[in-house]
Structure formats: structure tokens, C-alpha cells
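In case it helps, mature numbering (1 follows the signal peptide of the UniProt record, and there is no 0) puts the sequence shown at residues -23 to -1, 1 to 87.
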Amino acid sequence: MKTSRIAAVFMLVSIFSAGVALAHKVNLFAYVEGGKIHTESYFPDGRMVEGGTVRVFDSADTLLLEGTTDTGGLFSFPIPKVDDLTIVIDAGMGHKNSFQLKRTEVEAGK
């Protein structure tokens, strides 16, 4: 009887923890084309991240640029540096994610 109570409590905690983790998820995709880097940001339910802050860092973790997503969750910018780049989206209220672009991808898109 005691074991089943512990199992029930564990299951409830697991269920509520999973919901909290999913609630703070945001998706970010980036690609290089024609000398520009294009980003797309959206929530798991398909809503676009409008007004999210996009930050771009080089391999030394130096901030290269910052911008804001449009109503379609898009943000594009000229290649700031040929390097491994980390692109971070901050959609507010704990919704944050990052995307890695390798130096080879950046070079290929020039």
C-alpha cells in the first residue's frame, strides 16, 4: 500500500514537471543564404515568436549583434563574422533557446 502511494506521488510530480518544462520551450532554426543569416522562431503550438530578442555570439562568446523578430518570427542579418556562431532567441517569460551555425556553414553561405 505504501509503495503504491509513493509511485502515485512520483507520477504526479513527473507529470507536472514535464508540463513546466514544455511550457518554456521555444524553437529556433537558422540558415545562411546569399550572405545573410536567416532565423525563424516559434513556439511548440506553432505560434510565431513576435518581438523576441535574437543575439548572435562568436566562438569566443562575444556578442556580435542583437535584433528583434518580426510578426512572423523572422529575423535576418548580414553575416557578422566567419566563425562558429551561436544564435540565441529570448522570447520572454523563460522561453529561450539557441542554435549553432558552424564556420563551414557560414562560409558556404557567403
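Note that beta-carbon positions come from the ideal geometry of N, C-alpha and C, so glycine has one too.
With contacts defined as CB atoms closer than 8 Å, LYS58 and ASP67 fail to qualify as a contacting pair. Residues of the same chain with a CB within less than 7 Å of the CB of PHE76, apart from the 5 flanking positions on each side, are LEU5, PHE6, ALA7 and ILE64 in chain order. In the displayed model, GLU84 falls within a helix according to three-state DSSP.
By the Cβ-count criterion, GLU43 is exposed, with fewer than 16 other Cβ atoms from all chains shown falling within 10 Å of its own Cβ. Residue environment: GLU17 is assigned as buried (16 or more neighbouring CB atoms within 10 Å of its CB, all protein chains considered).
Taking the Cβ atoms as the reference, PRO55 lies roughly 6 Å from LYS13, within the contact range of under 8 Å. Excluding its 5 nearest sequence neighbours in each direction, PHE52 has C-beta neighbours in its own chain below 6 Å: THR16, VAL31, GLY44 and THR46, listed in chain order.
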